[in-house]
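Chemist: With numbering that gives the first Met the number 0, letter number 85 in the sequence shown gets 84, and the count goes up by one each step, no holes.
For every residue, glycine included, the Cβ atom is placed at its ideal position computed from N, Cα and C.
Since we're looking at a predicted model, the values are computed, not measured.
The structure follows.
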Amino acid sequence: MIAPHPAQREIIGQELAASGLEESVDIAEEDTLTTITRSAIAVGTFSTSLWESAALGCPTYVIEVPGFEETLQDVESGLFRLARTPHDLVPYEVPASRHDIFG
0 MIAPHPAQRE IIGQELAASG LEESVDIAEE DTLTTITRSA IAVGTFSTSL WESAALGCPT
60 YVIEVPGFEE TLQDVESGLF RLARTPHDLV PYEVPASRHD IFG
């Protein structure tokens, strides 16, 4: 399932179709925060949603595509985990300290 950025919502269906993924990927109908609370894991690159996922206690992964460098400090601190292959994407217990990142 993908929760597109609001600016992408109108075109995401076309983008998935162009890449041949329209039958393999569902588009979240609900807002991002609701989608995160119902997810086993969150995956992204450089988005506020990564920090929101961590604050909501959702295991959060960063993938290595342009922009991921901006999250490396948070990967190193343990806030996020880096996923280099699909096999890296497994749920894990989120430390309670991660839930307080927004104070």
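Locate the beta strand (DSSP E) running through A82, then write down its first and last residues.
Modeler: Taking the sequence shown and counting its residues from 1, the one referred to as residue 82 is at position 83. Counting along the chain, the beta strand (DSSP E) containing A82 begins and ends at 80-82.
Chemist: Take every Cβ of the region 70-88, pair it with every Cβ of the region 15-35, and state whether three or more of those distances are shorter than 8 angstroms.
Modeler: No: the two stretches stay apart, fewer than three of their Cβ pairs being nearer than 8 angstroms.
Chemist: Determine, using beta carbons only, whether S52 and I26 come nearer to each other than 8 angstroms.
Modeler: Stepping through the sequence shown from its first residue, residue 52 is reached at position 53. Stepping through the sequence shown from its first residue, residue 26 is reached at position 27. It is not a contact, given that the beta carbons lie outside the stated cut-off.
Chemist: Please classify L49 as buried or exposed, where buried requires at least 16 other C-beta atoms within 10 Å of its C-beta.
Modeler: Taking the sequence shown and counting its residues from 1, the one referred to as residue 49 is at position 50. Classification of L49: buried, given that the 10 Å Cβ count is 16 or more.
Chemist: Measure the C-alpha to C-alpha separation of A41 and A95 and round it to an integer number of angstroms.
Modeler: Here residue 41 is taken as the residue at index 42 of the sequence shown, counted from 1. Here residue 95 is taken as the residue at index 96 of the sequence shown, counted from 1. C-alpha separation (whole angstroms): 17 angstroms.
Chemist: Could you pull out every residue in the same chain whose Cβ sits closer than 6 angstroms to the Cβ of L15, ignoring the five residues on either side in sequence?
Modeler: Within the sequence shown, residue 15 is the residue found at index 16, counting from 1. Contacts found: E21, V24.
Chemist: Give every residue of the same chain whose Cβ lies closer than 6 angstroms to the Cβ of A39, excluding the five residues on either side of it in the sequence, and list them in chain order.
Modeler: Here residue 39 refers to the residue found at position 40 of the sequence shown. Correct list, in chain order: P90.
Chemist: Please name the residue in G19, T44, I62 whose C-alpha comes closest to that of P85.
Modeler: Looking up residue 85 in the sequence shown gives position 86. Among G19, T44, I62, the Cα nearest to that of P85 is on I62.
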